[in-house]
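Peer 1: Have a look at the structure that comes next, please.
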Amino acid sequence: MTKEEIIKPENLVYRKPVLMNDNSMHYCPGCSHGVVHKLLAEVIEEMGLEEKAIGISPVGCAVFIYNYLDIDWQEAAHGRAPALATAIKRLWPDRLVFTYQGDGDLACIGTAETIHALNRGDNITIIFINNAIYGMTGGQMAPTTLVGMKTSTSPYGREIGLHGYPLKITEIAAQLEGTAYVTRQSVQSVPAIRKAKKAIRKAFENSMSGKGSNLVEIVSTCSSGWKMTPDEANKWMEQHMFPFYPLGDLKNIE
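In case it helps, my numbering puts the sequence shown at residues 85 to 338.
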């Protein structure tokens, strides 16, 4: 087979997304961030929105996405990404505006911004990476940490009487009048990755067609914070995270 035949579209099995640059990713082995980065790059390219996409990255592991996707980025203060996204979308309503946030950023310090931006029905998409822990800063307990889950600040496990219940931010978002599409997905397997990509595209299409605000939660792993191998982390997520954070669409307004 000649080189020309190999690179024909009908022979193409996989290629690196055009929007992903050549920087080596710094994420820990098994981290879910890299997979979601790839999906975002693919969806934006397939929608032909390379010149109209504006991402907002806040603080935490999620902030470094601007090193890897070649689109316009704004960096927000911790938790404030949805507020910044609102401003950008209102100034440039023809742009694809989305945030990329971890659970500590979105569901703790950014709870107010998240809820109010979604409730306003701003035509933005929030990508929510939920690994139930503060990954970057030392593995502390997050609002989404499961009951009984051990972290650096809950070494005996999360206790309801002391720490309260885990916050199901996606279920809350589904009850808000302004949300059009709210879903929870994962990226630990090929079928899951395909579903997550489809969900991201659906959310982006809603954003561009003015249907309202959208939230895509990705239940994820943090091998380093959980002190597990990547394989162990995936299995632990399936056994413990999925029962409490079930996958699937929670709201879908056509």
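We put the CB at the ideal spot given by N, CA and C, even for glycine.
(1) Would G332 and G205 be called neighbours here (beta carbons separated by less than 7 Å)?
(2) Do L153 and L103 come within 7 Å of each other at the CB atom, strictly closer than that value?
(3) Are the beta-carbon atoms belonging to D187 and A161 less than 7 Å from one another?
(4) From the DSSP output, in three-state form, read off Q259 for me.
(5) Can we say the segment 267–279 touches the segment 317–327, given the rule of at least three CB pairs closer than 8 Å?
(6) Can you pull the DSSP bridge partners for F212?
(7) Starting from L123, trace the alpha helix (DSSP H) in both directions and tell me its first and last residue.
(8) Check for me: the beta strand (DSSP E) holding K335 runs from which residue to which?
(9) Can the beta-carbon of L299 be found closer than 7 Å to that of I155?
(10) Which residues does DSSP list as the beta-bridge partners of I138?
(11) In this structure, how does DSSP classify T235 when only helix, strand and coil are distinguished?
(12) From the DSSP output, in three-state form, read off R164 for me.
(13) Count the other CB atoms within 10 Å of the CB of K311; is the residue buried (16 or more) or exposed (fewer)?
(14) For T305 versus S108, is the C-beta distance shorter than 7 Å?
(15) Candidates I213, A171 and R285: which alpha carbon is nearest E197's?
Peer 2: From the atom records:
(1) no
(2) Contact flag set, yes.
(3) no
(4) coil
(5) yes
(6) Q185 and E301, per the DSSP bridge assignment.
(7) H117 to E130
(8) G332 to N336
(9) The criterion of a C-beta distance shorter than 7 Å is not satisfied by L299 and I155.
(10) D156 and V181
(11) strand
(12) coil
(13) exposed
(14) no
(15) A171
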